[in-house]
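Report on the following structure.
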Amino acid sequence: MSEGERMPQHPVGFVEAVLVVVADIPSGQVATYGDVAALLGSRGARAVGGVMAHYGSEVAWWRVIRAGGRPPAGHAEAARQHYEAEGTPLLPAENEDGYRIDLRAARWRA
DNA sequence: CCCGTGACTTTCG
DNA sequence: GCGAAAGCCACGG
């Protein structure tokens, strides 16, 4: 179907769309907020984070990370448990998070 | 309808 | 490679 083009936000709300995309991310892989927003046809990376903050409790929020391979602010420890449990490729880091995600190998592609 | 906020992104020095 | 500033988008009051 000649789709490929961004679909107008019509049948579902922004929140629903985000939850659907996150649910599509396979285990062991991750996607950045910007990627998720892009799949929705929008650039509201922050808006995506806002959805996770209120509705993320029902989805694999740890599979959605920031650019650079860093986990959500304030949730690095909780996310790390999920990454190790699912076999997500991680890398050592000296920052507060204590680790970093190997986007090169773990980034999900729709 | 205007303003402020936020689990962000990208560019510049 | 890191820190600071500006930009963008959706939502609540």
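Take 265 as the starting number for the first sequence in our numbering and just add one per residue. From the three backbone atoms N, C-alpha and C, an ideal C-beta is built for every residue, glycine too.
Pick from Tyr363, Tyr319, Val294, Val284 that is closest to Ala216, judged by C-alpha positions: No answer is possible for residue 216: it lies beyond the span of the chain, which begins at 265 and ends at 374.
Spatial neighbours of Ala324 in its chain, beta-carbon cut-off 7 angstroms, leaving aside the 5 residues before and after: Excluding positions up to five away in sequence, the list reads Val286, Ile289.
Rounded separation between Pro336 and Gly313 - CA only: Taking the straight line joining both Cα atoms gives about 9 angstroms.
Own chain partners of His346 with C-beta closer than 6 angstroms, once the 5 adjacent residues on each side are dropped: Correct list, in chain order: Trp326.
Within the stretch 312-355, ranges of the alpha helix (DSSP H) (whole runs, at least 4 residues): Counting whole runs of 4 or more residues, the stretch 312-355 contains the alpha helix (DSSP H) stretches 340-350.
Proximity below 8 angstroms, CB of Gly351 to CB of Gly305: No, Cβ-Cβ distance for Gly351 and Gly305 is not below 8 angstroms.
Ala287, DSSP secondary structure in three states: If DSSP states are grouped into helix, strand and coil, Ala287 belongs with the helices.
From Glu341, Leu354, Glu280, Arg334, residue whose alpha carbon lies closest to that of His318: Checked all of Glu341, Leu354, Glu280, Arg334; the closest Cα to His318 is Glu280.
Per DSSP, cross-strand counterpart(s) of Tyr363: DSSP, once it has assigned bridges, lists Pro356 as partnering Tyr363.
Identity of the residues DSSP links to Val294 by a beta bridge: Residue pairing by DSSP places Val294 opposite Arg371 in a beta bridge.
Val276 in three-state terms, based on DSSP: Here Val276 sits in coil by DSSP.
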